[in-house]
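> Dropping a structure here in structure tokens format, bear with me for questions.
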Amino acid sequence: MSAKFEIPPALLAELERRMDKEHPSVAAVISSLLSTSGGQLIGDPLYSFTRSAEFRALTNDSDRYLALLAKVHELHRSEFQEFVAGQSFKRRYFGMSAEEVCEASKHNQARHIAGSKYWAIMNIDAATKRRFLKRLLVFIGYPDEMVTYVRRLIGTP
């Protein structure tokens with residue numbers, strides 16, 4: 703027997719907004735909200751990407767880091783550009799070319815961020831990758847729950 707209840711229009715609209723490929727119905731969204739700690743993140747495009755088979759197939763921190771940077775760039779191009787332009791660190795963690803990133807040290811390694819004109823330094827440890835993801839996501843305005851969730855995807859916090 704199914705229980706019947708009335709959902710206020712604003713709540714229904716919010717539940718529908720959270721529907722995505724993995725949660726194709728309001729019932730699936732509600733089920734996820736009740737069963738996961740990431741429930742409040744359901745429907746966010748970055749969260750959905752991290753739950754995708756494409757992302758889960760990535761086996762190392764460097765590939766995950768680059769994939770996250772690429773997705774954040776795709777979702778927030780102008781904010782990403784502002785973040786890169788505002789770097790005030792002696793060491794360049796992002797740049798317009800591998801040479802720009804590697805300029806500070808001949809030992810630096812850089813890889814291209816897919817779908818963007820940017821390159822990222824790669825010979826940094828997992829803790830530094832997590833720190834930079836946090837700075838970027840906070841700069842863009844993501845909530846603390848998303849920042850914490852994304853940071854846990856790289857290494858062990």
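Reading the sequence shown from the start, the letters are residues 703 to 859 in the numbering used here.
Backbone N, C-alpha and C fix where the C-beta goes; we use that ideal spot for every residue, glycine too.
Quick caveat, the model's predicted, so the values are computed rather than measured.
What alpha helix (DSSP H) runs, 4 residues minimum, are completely inside the region 814-841?
none
> Going by DSSP, what residues sit across from G797 in a beta bridge?
W821
> Checking the sheet assignment: what are the DSSP bridge partners for A812?
I823
> Decide if the region 722-734 is in contact with the region 757-774; the criterion is three or more beta carbon pairs, one per stretch, under 8 angstroms apart.
Too few Cβ pairs lie closer than 8 angstroms, so no.
> What do you get for F796, buried or exposed, if any count of 16 or more other CB atoms within 10 angstroms of its CB means buried?
buried
> Hey, how far is the Cα of A812 from the Cα of A715?
43 angstroms
> For M798 and K831, which I take to be in contact (beta-carbon distance under 8 angstroms), what is that distance rounded to the nearest angstrom?
In fact, because the Cβ distance is near 20 angstroms, the residues do not count as touching under 8 angstroms.
> From the DSSP output, in three-state form, read off A759 for me.
Coil.
> Specify the secondary structure class of Q789 as computed by DSSP and reduced to three states.
Residue state, collapsed to three classes: coil.
> Under a Cβ-count criterion, where at least 16 other Cβ atoms within 10 Å of its own Cβ denotes burial, should L713 be classed as buried or exposed?
exposed
> Could you spell out the range, first to last residue, of the alpha helix (DSSP H) harbouring L717?
711-719
> Closest by CA to D765, which one among V803, S780, K836, I815?
I815
> So, helix, strand or coil for I732, using DSSP?
helix
> Which residue wins for smallest C-alpha separation from R779, given the options P845, E805, Y767, L839?
The candidate whose alpha carbon is nearest that of R779 is L839.
> Check this for me: beta carbons of L768 and A822, under 8 angstroms apart or not?
yes
> Would the beta-carbon of G857 fall within 8 angstroms of that of D722?
Annotated as distal: G857 and D722, with beta-carbon spacing of 8 angstroms or more.
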